[in-house]
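Asker: Line by line, the protein sequences are chains A and B.
Positions 1 to 401 (my numbering) are the ones given, in order, by the first sequence.
Positions 1001 to 1362 (my numbering) are the ones given, in order, by the second sequence.
Yeah, the Cβ is synthetic: ideal placement off N, Cα and C, and Gly gets one too.
I'd like to ask you about the structure that follows.
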Amino acid sequence: MKKYLCLILALIPLLSLSGCAGLSIFSNYRQLENIELVRAVSLDLSDGGVNAAIYGTAGEESPARMYENPGPSVGVALGELILTPLGREAILSHTESVLIGQDLAKTGLRECLDYVERFSETRLDTDILIVRDGSARDLLAGLSGDETSSADVLSGLGKNISRLGEGYFFTCREIASSLAENGCALIQCVRGVKEEKLFDARGELDLESAGFAVARDGVVTDFLSDEETLGAMLLLGKYRSGNLDLPLGDQTVTVSMDLVGTDIAPRFDRDGALTALDITFDFRANVINLSGPVEITDSSVRRTCEEELTKIMTGAATAAVEKSRALGTDFLDLEGAVERRAPIKFRDMGADWQDVFLTLPVRIKGTSVLARTYDIADPPELSGKEDKSPWEKLTELLKDS
Amino acid sequence: MGKTDRITERQLSVLIFVSLLSPMIRVLPTAAVLFAGRAAWLSPVAALAAGALFLAYTRWTRKNAPEDMGLADMALAGMGPVVGRIFNILCALWLTFYGGFLARAAAERLLATVYPNGNTPVFVVITLAVAVLAGSGLTKTLSRTAEVLMPILVGVIAVVLLSAIPEVTSENLLPVTYRDTREILYGALPIFNVITACVYFLFLTGHTRRPVSQRPNRFPWLVLLALTAFGVTFFTLGTLGENLAASMENAFFMVIRNIKVFGVVERVEAVVVAIWIVTDFIFLAAVLMIVSEIWRTVTGIKKRSFFVFPTAALSGTAAFLIAGNAFEFQKWSDLIVPAINLFFAVILIPGAMTLGKLRRRY
Chain A
1 MKKYLCLILA
11 LIPLLSLSGC
21 AGLSIFSNYR
31 QLENIELVRA
41 VSLDLSDGGV
51 NAAIYGTAGE
61 ESPARMYENP
71 GPSVGVALGE
81 LILTPLGREA
91 ILSHTESVLI
101 GQDLAKTGLR
111 ECLDYVERFS
121 ETRLDTDILI
131 VRDGSARDLL
141 AGLSGDETSS
151 ADVLSGLGKN
161 ISRLGEGYFF
171 TCREIASSLA
181 ENGCALIQCV
191 RGVKEEKLFD
201 ARGELDLESA
211 GFAVARDGVV
221 TDFLSDEETL
231 GAMLLLGKYR
241 SGNLDLPLGD
251 QTVTVSMDLV
261 GTDIAPRFDR
271 DGALTALDIT
281 FDFRANVINL
291 SGPVEITDSS
301 VRRTCEEELT
311 KIMTGAATAA
321 VEKSRALGTD
331 FLDLEGAVER
341 RAPIKFRDMG
351 ADWQDVFLTL
361 PVRIKGTSVL
371 ARTYDIADPP
381 ELSGKEDKSP
391 WEKLTELLKD
401 S
Chain B
1001 MGKTDRITER
1011 QLSVLIFVSL
1021 LSPMIRVLPT
1031 AAVLFAGRAA
1041 WLSPVAALAA
1051 GALFLAYTRW
1061 TRKNAPEDMG
1071 LADMALAGMG
1081 PVVGRIFNIL
1091 CALWLTFYGG
1101 FLARAAAERL
1111 LATVYPNGNT
1121 PVFVVITLAV
1131 AVLAGSGLTK
1141 TLSRTAEVLM
1151 PILVGVIAVV
1161 LLSAIPEVTS
1171 ENLLPVTYRD
1181 TREILYGALP
1191 IFNVITACVY
1201 FLFLTGHTRR
1211 PVSQRPNRFP
1221 WLVLLALTAF
1231 GVTFFTLGTL
1241 GENLAASMEN
1251 AFFMVIRNIK
1261 VFGVVERVEA
1271 VVVAIWIVTD
1281 FIFLAAVLMI
1291 VSEIWRTVTG
1301 IKKRSFFVFP
1311 TAALSGTAAF
1321 LIAGNAFEFQ
1331 KWSDLIVPAI
1341 NLFFAVILIP
1351 GAMTLGKLRR
1361 RY
């Protein structure tokens, strides 16, 4: 009798298996054809509330679709959208991006983040993006074409700008963590641009990076220029590599470069007061393109390029620091950098960081090395000019070294 | 003690380890972060030291206890039949309540993470029903189950934690200096509190083979438990940061929801939820087993399983009455239950064992 009872009890969990869907006791089970897999969500400010739109697909073979719904809050707008009007249940568990309209971000960013953090399906690693110069819904719709998916375009831009050093897609986790730790955070902005369609099946809009937005106390308060965005990436350690055009007379040297090292060194006086902050960057660059006849193997030309590179990058970092001070918001987390470098002295400092930060001398320096030019050294003389003799070349080389 | 229901010391240690995984994952890292802030990831090291001393002390007090003597028998021998019985009954009542608390905690955690619109009583009843089935069986069956499941649990936790490495940032973990020592020790308190629950399992030591002096030490299992606590705290704190982690009820679960195993598999939280459900079931079954063991000793009724269902019914009642909502339950979880647990596990039970030892009753 006991054996039969055990057998029956052991069989009961089988009811939760997907094959027994009609009888399943597993409340989370949903048939694939009844699911709308949401990949991107847009949230905009609307009259009296929020306009939510979801962009998803019912499977690989199914075309991507968009649905929208206004509501008094993010929770209501999305909640209704998920459950009622689609004819199938929308699932947010694999949402990659949440696009927030600029106007909503200025008033209700906190609400949007709270929804992503709290809702049991969404993940903290969802990218949060602010849409500038237009609504998030229109951008999501405009990016989508017969053969292009908005979610893929967004994901592609995220990878590209990170590699090119033009921006960084912060996730909800990073933003929420930064807001919780520092009271401020940076968020990547994007913008839709109308360009000539290269093929009919693509969407009406193209996507581009639009710098960082500064969030403070749960709302977006300001935006950074491209230069300030570059500087912020350098100081936050989000910059790894990128391409840069260096002006050299009437020519341009394009380099790909890596940030090799960053050193943030606080200086304290004998009384333990923080007197200055020395920030040093090390860059290594490789020539990937020359616009004209530039003798890049000439050490003085290289030195000029290196100086130019250092000037641009340190200028960007300086601009970011100045912007941070102007806003009175330490969005670069210099406080954290100082504390990590000199934890004991920092705690003994006594003074309020906000007061120190606004007047602290920040000295930004950099060193750059032009490391290689790939297979071509100096560009060949395309105008047919006679080349130098081997003896002349050897003399120059010796003089150079 | 029946000769058929015998377990090895290793099996008992594994049972303790698997059982304590449940509260360890529940309270960490939030409890440690609230006390120790950014330095909380070092608190398991301090808790390990305190836990080792605690284990050594409880082992010393039982050093000369005979092979088939559980804690309930030791209390009767050490404090006499009247005081010993009162002690045993007090422990049984507390553990009955504690069982209800565990069932409710398991239900609340499932509701908060997976079934937001679910019904608490349903989960409490199901959890208790499974625990009654397991708790009515032999000690060796439950211990063997824990032994079989242990490598799976540890393996899954290890894979999950290793997969979280890319999300960890040093900014969330450093700096930590010698000045954080006091906070680190405070942070060790909730971890030590969980470890001390191992003392309840001494009520089952009558089932173990060989006298205490010949049994292997439990220290390696304590190290494994502390290592798990370290992993959970380190990776959660490193991923979310101090303030975000402290503001979440199930911060570890939030980290799990984000990870990608080997960059291929996403949303592995179902596997982890399955793990903590298993540990919840095993801990609750062990508690029912312990309480029924105490009643068996106190009443002299030989059939231990006779007490399991009434205990579960009382635990279930406690689970329903303990708090009207999740907020009230959180207070019990944060303050009241840990305080009572510390009283029983660190003061009352070791005190009773010391008394018996000093009176040379074992």
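(1) Going along the chain, which residues of the segment 160-181 of chain A sit with their C-beta nearer than 7 Å to a C-beta in chain B?
(2) Interface residues of chain B around D125 (chain A) at Cβ under 7 Å?
(3) Name the chain B residues whose beta carbon is nearer than 8 Å to that of I344 (chain A)?
(4) From the DSSP output, read off the bridge partner residues of V41 (chain A).
(5) Sorted by chain position, which residues of the same chain lie with C-beta nearer than 7 Å to E1293 (chain B)'s C-beta, five sequence neighbours on each side aside?
(6) Taking only beta-carbon atoms, is E1183 (chain B) less than 7 Å away from chain A?
(7) State yes or no: is the C-beta of N1217 (chain B) nearer than 6 Å to some heavy atom of the ligand SAH?
(8) 7 Å is my cut-off, CB to CB: does S93 (chain A) come that close to chain B?
(9) Among A:R118, A:L143, A:G134, which one has its Cα closest to the Cα of R65 (chain A)?
(10) Look up I1007 (chain B) in the DSSP assignment and give the residues it is bridged to.
(11) Beta-carbon of P1116 (chain B) versus every beta-carbon of chain A: anything under 7 Å?
(12) I'd like the ranges of any beta strand (DSSP E) spanning at least 3 consecutive residues and lying wholly in the segment 266-353 of chain A.
(13) Going by the DSSP bridge assignment, what does M66 (chain A) pair with across the sheet?
(14) For G1037 (chain B) versus E1242 (chain B), is the C-beta distance shorter than 7 Å?
(15) State the Cα-Cα distance for the pair D477 (chain A) and C172 (chain A), rounded to the nearest angstrom.
(16) Is the segment 1012-1019 of chain B close to the segment 1175-1194 of chain B, with three or more CB pairs under 8 Å?
(17) Mapping the DSSP letters down to three states, classify E121 (chain A) as helix, strand or coil.
(18) Quick check on A21 (chain A): buried or exposed, where buried means 16 or more other Cβ atoms within 10 Å of its Cβ?
(19) Shorter than 7 Å from the beta carbon of N1243 (chain B) to some beta carbon of chain A?
(20) Taking 6 Å as the limit between beta carbons, can you name the residues of its chain near G1084 (chain B), skipping five residues before and five after?
(21) Within this structure, are the beta carbons of T1236 (chain B) and F1252 (chain B) separated by less than 7 Å?
(22) Could you compute how far the alpha carbon of I1126 (chain B) sits from the alpha carbon of F331 (chain A)?
(23) Roughly how many angstroms lie between the CA atoms of I1259 (chain B) and S1163 (chain B), to the nearest whole one?
(24) Between the alpha carbons of R123 (chain A) and N243 (chain A), how many angstroms are there, rounded?
(25) Given Y239 (chain A), which residues of its chain have a CB within under 6 Å of its CB, disregarding the five upstream and five downstream residues?
(26) What is the C-beta distance between E68 (chain A) and R137 (chain A), in whole angstroms, given that I count them as a contact (C-beta under 8 Å)?
(27) CA-CA distance, P1121 (chain B) and K1331 (chain B)?
(28) Which residues of the segment 107-121 of chain A have a Cβ closer than 7 Å to any Cβ of chain B? Give them in chain order.
(29) Could you pull the DSSP bridge partners for M257 (chain A) from this structure?
(30) With a CB to CB cut of under 8 Å and the five nearest residues on each side skipped, what residues in its chain are close to V220 (chain A)?
(31) At the level of alpha carbons, what is the spacing between L358 (chain A) and D333 (chain A)?
(32) Within the chosen definition, does the segment 1054-1067 of chain B reach the segment 1136-1149 of chain B through at least 3 CB pairs nearer than 8 Å?
(33) Could you check where the alpha helix (DSSP H) with E1236 (chain B) kicks off and where it finishes?
(34) Use the C-beta contact count for A377 (chain A): other C-beta atoms within 10 angstroms, 16 or more gives buried, fewer gives exposed.
(35) Is there a Cβ of chain A sitting closer than 7 Å to that of L1240 (chain B), yes or no?
(36) Which chain B residues sit within Cβ distance under 7 Å of E339 (chain A)?
Answerer: Working from what's here:
(1) Within the segment 160-181 of chain A, the residues whose Cβ lies closer than 7 Å to some Cβ of chain B are R173, A176, S177, A180, E181, listed in chain order.
(2) Along the first sequence, read from residue 1 onward, the residue named residue 125 (chain A) stands at position 125. Residues of chain B passing the Cβ test: N1258.
(3) The residue you call residue 344 (chain A) lines up with position 344 of the first sequence. For I344 (chain A), the chain B residues whose C-beta falls within less than 8 Å of its own C-beta are T1177, R1179, listed in chain order.
(4) Within the first sequence, numbered from 1, the residue matching residue 41 (chain A) stands at position 41. Per DSSP, A:I54, A:V98.
(5) Here the question's residue 1293 (chain B) lines up with position 293 in the second sequence. Once the five neighbours on either side are set aside, the close Cβ partners of E1293 (chain B) are G1070, A1072, F1203, L1204, R1304.
(6) Translated into positions along the second sequence, residue 1183 (chain B) becomes position 183. It does not; no Cβ of chain A falls within 7 Å.
(7) Among the components modelled here there is no ligand, and therefore nothing to report on the ligand SAH.
(8) The count along the first sequence starts at 1 and reaches residue 93 (chain A) at position 93. Interface with chain B (7 Å Cβ-Cβ cutoff): S93 (chain A) is included.
(9) Residue mapping note: residue 65 (chain A) aligns to position 65 of the first sequence, counting from 1. Of the candidates A:R118, A:L143, A:G134, A:L143 places its Cα closest to the Cα of R65 (chain A).
(10) Numbered from its first residue, the second sequence carries residue 1007 (chain B) at position 7. According to DSSP, which records beta bridges pairwise, I1007 (chain B) is partnered with B:T1208.
(11) As a position in the second sequence, residue 1116 (chain B) is number 116, starting the count at 1. Yes, because at least one Cβ of chain A sits closer than 7 Å to the Cβ of P1116 (chain B).
(12) Residue ranges of uninterrupted beta strand (DSSP E) with 3 or more members, entirely inside the segment 266-353 of chain A and ordered along the chain, are 274-290.
(13) For the purposes of this step, residue 66 (chain A) is identified with residue 66 of the first sequence, where counting begins at 1. The secondary-structure analysis by DSSP pairs M66 (chain A) across a beta bridge with A:Y55.
(14) Here residue 1037 (chain B) refers to the residue found at position 37 of the second sequence. Here residue 1242 (chain B) refers to the residue found at position 242 of the second sequence. Inclusion of G1037 (chain B) and E1242 (chain B) in the CB contact set at 7 Å is warranted, their separation being smaller than that value.
(15) For residue 477 (chain A) there is no data in the structure shown, the boundaries of chain A being 1 and 401.
(16) Between the segment 1012-1019 of chain B and the segment 1175-1194 of chain B, the count of C-beta pairs closer than 8 Å stays below three; the two stretches do not touch.
(17) Counted from its first residue, the first sequence places residue 121 (chain A) at position 121. Residue state, collapsed to three classes: coil.
(18) Counted from its first residue, the first sequence places residue 21 (chain A) at position 21. Note that A21 (chain A) has pLDDT 49, beneath the 50 cutoff, so the model's placement of it is unreliable and the number below is only indicative. Classification of A21 (chain A): exposed, given that the 10 Å Cβ count is below 16.
(19) As a working note, residue 1243 (chain B) is residue 243 in the second sequence. Residue contact check for N1243 (chain B) against chain A: a CB pair falls below 7 Å.
(20) Taking the second sequence and counting its residues from 1, the one referred to as residue 1084 (chain B) is at position 84. Closer than 6 Å at Cβ, skipping near neighbours: A1075, L1076.
(21) Within the second sequence, residue 1236 (chain B) is the residue found at index 236, counting from 1. Within the second sequence, residue 1252 (chain B) is the residue found at index 252, counting from 1. A contact, by the Cβ cut-off of 7 Å.
(22) Locating residue 1126 (chain B) in the second sequence gives position 126, counting from the first residue. Locating residue 331 (chain A) in the first sequence gives position 331, counting from the first residue. Approximately 49 Å between the Cα atoms of the pair.
(23) Looking up residue 1259 (chain B) in the second sequence gives position 259. Looking up residue 1163 (chain B) in the second sequence gives position 163. About 6 Å.
(24) Here residue 123 (chain A) is taken as the residue at index 123 of the first sequence, counted from 1. Here residue 243 (chain A) is taken as the residue at index 243 of the first sequence, counted from 1. Their Cα atoms are separated by approximately 32 Å.
(25) Looking up residue 239 (chain A) in the first sequence gives position 239. If we look at Y239 (chain A) and ignore the five residues flanking it on each side, its Cβ neighbours are G165, M233, L259.
(26) Position 68 of the first sequence, counted from the start, is the residue given in the question as residue 68 (chain A). Position 137 of the first sequence, counted from the start, is the residue given in the question as residue 137 (chain A). The C-beta distance from E68 (chain A) to R137 (chain A) rounds to 6 Å, short enough to meet the 8 Å contact threshold.
(27) For the purposes of this step, residue 1121 (chain B) is taken as residue 121 along the second sequence, with counting starting at 1. For the purposes of this step, residue 1331 (chain B) is taken as residue 331 along the second sequence, with counting starting at 1. Note on geometry: alpha-carbon atoms of P1121 (chain B) and K1331 (chain B) lie some 19 Å from one another.
(28) Within the segment 107-121 of chain A, the residues whose Cβ lies closer than 7 Å to some Cβ of chain B are S120, listed in chain order.
(29) One-based indexing of the first sequence puts residue 257 (chain A) at position 257. Note: M257 (chain A) is bridge-paired with A:G242, A:A285 in the DSSP secondary-structure output.
(30) Start at 1 with the first residue of the first sequence, and residue 220 (chain A) comes out as number 220. Excluding positions up to five away in sequence, the list reads Q102, A105, K106, L109, I130, I187, A213, V214.
(31) Indexing the first sequence from 1 puts residue 358 (chain A) at position 358. Indexing the first sequence from 1 puts residue 333 (chain A) at position 333. Distance between L358 (chain A) and D333 (chain A), taken at the CA atoms: about 13 Å.
(32) No, the segment 1054-1067 of chain B is not in contact with the segment 1136-1149 of chain B.
(33) Your numbering for residue 1236 (chain B) matches position 236 in the second sequence. The sequence shown places Thr at residue 1236 (chain B), rather than the Glu named in the question. Element bounds for T1236 (chain B): 1219-1240.
(34) As a first step, residue 377 (chain A) must be located in the first sequence, where it is residue number 377. By the neighbour-count rule (16 or more Cβ atoms within 10 Å), A377 (chain A) is not buried but exposed.
(35) As a working note, residue 1240 (chain B) is residue 240 in the second sequence. For L1240 (chain B), the answer is yes, since a Cβ of chain A falls inside 7 Å of its Cβ.
(36) Translated into positions along the first sequence, residue 339 (chain A) becomes position 339. Listed along chain B, the residues sitting closer than 7 Å to E339 (chain A) by beta-carbon distance are P1175.
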